[in-house]
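2 protein chains.
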Amino acid sequence: MLYQMVEARDDAPLDVRSRVVAAATRLFAARGFEGTTLQEVADEVGLAKPSVLHHFPSKEHIREAVLDTILSHWRDTLPRLFFAATASEGRFDAVFGELYRFFADDADLARVVAREALDRPDETRRLLRGPVAPVLAAVAGYIESGKAHQRHHADVDAEAYVVHVLQFAIAAAAVADVTCKALGTGAAVRARYDREIARIAKTSLFTAPTQDAPGDPKPARRRRS
Amino acid sequence: MLYQMVEARDDAPLDVRSRVVAAATRLFAARGFEGTTLQEVADEVGLAKPSVLHHFPSKEHIREAVLDTILSHWRDTLPRLFFAATASEGRFDAVFGELYRFFADDADLARVVAREALDRPDETRRLLRGPVAPVLAAVAGYIESGKAHQRHHADVDAEAYVVHVLQFAIAAAAVADVTCKALGTGAAVRARYDREIARIAKTSLFTAPTQDAPGDPKPARRRRS
DNA sequence: CCTACCGATCGGTAGG
DNA sequence: CCTACCGATCGGTAGG
Numbered sequence: 008m009l010y011q012m013v014e015a016r017d018d019a020p021l022d023v024r025s026r027v028v029a030a031a032t033r034l035f036a037a038r039g040f041e042g043t044t045l046q047e048v049a050d051e052v053g054l055a056k057p058s059v060l061h062h063f064p065s066k067e068h069i070r071e072a073v074l075d076t077i078l079s080h081w082r083d084t085l086p087r088l089f090f091a092a093t094a095s096e097g098r099f100d101a102v103f104g105e106l107y108r109f110f111a112d113d114a115d116l117a118r119v120v121a122r123e124a125l126d127r128p129d130e131t132r133r134l135l136r137g138p139v140a141p142v143l144a145a146v147a148g149y150i151e152s153g154k155a156h157q158r159h160h161a162d163v164d165a166e167a168y169v170v171h172v173l174q175f176a177i178a179a180a181a182v183a184d185v186t187c188k189a190l191g192t193g194a195a196v197r198a199r200y201d202r203e204i205a206r207i208a209k210t211s212l213f214t215a216p217t218q219d220a221p222g223d224p225k226p227a228r229r230r231r232s
Numbered sequence: 008m009l010y011q012m013v014e015a016r017d018d019a020p021l022d023v024r025s026r027v028v029a030a031a032t033r034l035f036a037a038r039g040f041e042g043t044t045l046q047e048v049a050d051e052v053g054l055a056k057p058s059v060l061h062h063f064p065s066k067e068h069i070r071e072a073v074l075d076t077i078l079s080h081w082r083d084t085l086p087r088l089f090f091a092a093t094a095s096e097g098r099f100d101a102v103f104g105e106l107y108r109f110f111a112d113d114a115d116l117a118r119v120v121a122r123e124a125l126d127r128p129d130e131t132r133r134l135l136r137g138p139v140a141p142v143l144a145a146v147a148g149y150i151e152s153g154k155a156h157q158r159h160h161a162d163v164d165a166e167a168y169v170v171h172v173l174q175f176a177i178a179a180a181a182v183a184d185v186t187c188k189a190l191g192t193g194a195a196v197r198a199r200y201d202r203e204i205a206r207i208a209k210t211s212l213f214t215a216p217t218q219d220a221p222g223d224p225k226p227a228r229r230r231r232s
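Okay, here's the thing in structure tokens:
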């Protein structure tokens, strides 16, 4: 079967559905689902409200489209992440960097996911026990084997560690622009913030400094605005 | 000056304002400020909507009362926290446990704070640079001195570490009942979850296992329902 | 502390 | 893709 491929180039003209999803993602991230009106979405896309509802039968359908888009984006990067995790030792920086950067590069995605966890705990639970579970289990297995080889701390709770690191990455990315300001002003602050979360994740797992390059994921590259 | 003391006993009858704040805290935590209506708050308190508005001139005033209550509760525990942090070495478990338990004991507080950070980044920034800043700086100073004595890892970014640990504790408490389910079912799961976040915070700071009792904050004691 | 009610805006529909 | 409009509900007020 053949699907119309959606061009991912940032400057390519997007179809109406994609423009609605992009606008809704931004607005949901900033104000939440309940705090966003269809009128605001329509205004941002440059359409009348009924025109938006021609493409999505209800506001709830827009929410689902936003979340599906994030989830499918993530599904694309998961295999790469997983491969990096299992292919060789000492690749922790790359793996964590990949995970963190996915959300840090576009804080709106992190904010939408964080809001979803707060707004709809049951759906989020389903997601964690469903499609996300195998990935968590796989990474936990990798950590367990690392424990057996004394590469990782013996008292790491592999499953709990993975869950915490995942939610740390999302939470840190979601509120980075807020909490970074507690570190003072200036451009270097965000780099310190990013470096420290990577260091925490890494040091709490490995028994000794790895042979990796020092744990600094590249500073987040911003996607828009 | 003399103030009317508000009795903290859980079973003591509360005045109307306190009951409104308690109901609003629960509702704001679950649905967010925009997702909560004055009617729902009134219903939960058992009053008519205009009666609620007799005690608080607007919905916005209820939000402020909710946040003030959380902040002042926290101000009460901060001195204790700070004293524990600076009084002696090896008290990390107690300090982090205190911080984490404050939010873990009542996840609604963590959720309200998390939502506030997402909904009103500017206000949250002001809070971080204002009243919260001295506490962060003090703890960061304690960590710096620990680095000088080789008790803490040399590459810890003290200021960034403190900010991350704070937001980790809040985020972890806010979504604990969601993400714990990714660890399986059963009563022990939450204890593992709590123990692992304490271990991560501790291991990423200290150069070697401390002389403390193993890093397990008591399992969160639930305050209500 | 209530009943009754306000204008505004919500998500969504009709019809073209 | 639009104008015009729907019933419902929003936060808040009047008046007692």
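Protein sequence lines correspond, in order, to chains A and B.
Basically the working numbering = 1-based index in the first sequence + 7.
Basically the working numbering = 1-based index in the second sequence + 7.
Positions of the beta carbon are idealized from the N, C-alpha and C atoms, including for glycine.
As the structure is a prediction and not an experimental result, all values here were calculated from the model.
CB contact check: residue 210/A to chain B, cutoff 8 Å
yes
Pick out whichever of 39/B, 114/B, 62/B and 41/B has its Cα sitting closest to the Cα of residue 49/B.
62/B
Does DSSP classify residue 213/A as helix, strand or coil?
strand
Hey, how far is the Cα of residue 21/A from the Cα of residue 144/B?
47 Å
Mapping the DSSP letters down to three states, classify residue 159/B as helix, strand or coil.
strand
Amino acids of chain A, ordered along the chain, whose beta-carbon sits closer than 9 Å to that of residue 160/B:
206 and 210
Rounded to the nearest angstrom, how far is the Cβ of residue 135/B from that of residue 194/A, given a contact under 8 Å?
Wrong, their Cβ atoms sit about 19 Å apart, outside the cutoff.
Contact with chain B by residue 156/A, beta-carbon distance below 8 Å:
no
Quick check: residue 115/A and residue 167/A, are their CB atoms within less than 8 Å of each other?
no
Out of 78/A, 121/A, 124/A and 23/A, which one is the CA nearest neighbour of residue 58/A?
When only C-alpha atoms are compared, the closest one is 23/A.
Within chain A, partners of residue 170/B - CB distance below 7 Å
186, 189 and 190
Got a sec, what are the start and stop residues for the alpha helix (DSSP H) residue 41/A sits in?
Careful: residue 41/A lies outside any alpha helix (DSSP H) and carries neither H nor E.
Report the residues of the region 30-43 of chain A with a CB closer than 9 Å to any CB of chain B, ordered along the chain.
36, 37, 38, 39, 40, 41, 42 and 43
Residue 202/A versus chain B: which residues are under 8 Å apart at the beta carbon?
164 and 167
Does the Cβ-Cβ distance between residue 79/B and residue 210/A come in under 8 Å?
The criterion of a C-beta distance shorter than 8 Å is not satisfied by residue 79/B and residue 210/A.
Rounded straight-line distance, which links the Cα of residue 164/B to that of residue 203/A:
Each residue's Cα considered, the two are about 6 Å apart.
Threshold first: 4 residues or longer. Then list the alpha helix (DSSP H) segments lying entirely within the region 177-202 of chain A, N to C.
Restricted to the region 177-202 of chain A, the alpha helix (DSSP H) segments that are unbroken, complete and at least 4 residues in length are 183-186, listed in chain order.
I need the straight-line Cα distance from residue 177/A to residue 121/A, nearest angstrom please.
7 Å
Nearest to residue 33/B (by Cα), restricted to the options 174/B, 74/B, 215/B and 64/B
Distances from the alpha-carbon of residue 33/B to those of 174/B, 74/B, 215/B and 64/B put 74/B closest.
Just checking my contact of residue 185/B with residue 128/A at CB under 8 Å: how many whole Å lie between their CB atoms?
5 Å
Using a Cβ-Cβ cut-off of less than 9 Å, list which residues of the region 102-121 of chain B approach chain A; keep chain order.
Residues passing the 9 Å Cβ filter: 118 and 121.
As assigned by DSSP and simplified to three states, the class of residue 53/A
coil
For residue 174/A, go through chain B and note every residue whose CB falls closer than 8 Å to its CB, in chain order.
178, 179, 182 and 186
Leaving out five residues on either side along the sequence, give the residues of the same chain with a beta carbon under 7 Å from the beta carbon of residue 88/A.
Only 102, 105 and 106 meet the Cβ criterion.
Taking the beta carbon of residue 68/B as the centre, do at least 16 other beta carbons fall within 10 Å, making it buried, or is it exposed?
exposed
8 Å Cβ cut-off: residues of chain A touching residue 126/B
38, 39 and 42
Is the Cβ of residue 72/A closer than 8 Å to any Cβ of chain B?
no
Kindly list, in the order they appear in chain A, the residues whose Cβ is closer than 7 Å to that of residue 194/B.
What residue 194/B touches in chain A: nothing, since even the nearest Cβ is about 15 Å away.
If we cut at 8 Å on Cβ distances, does residue 145/A have a partner in chain B?
no
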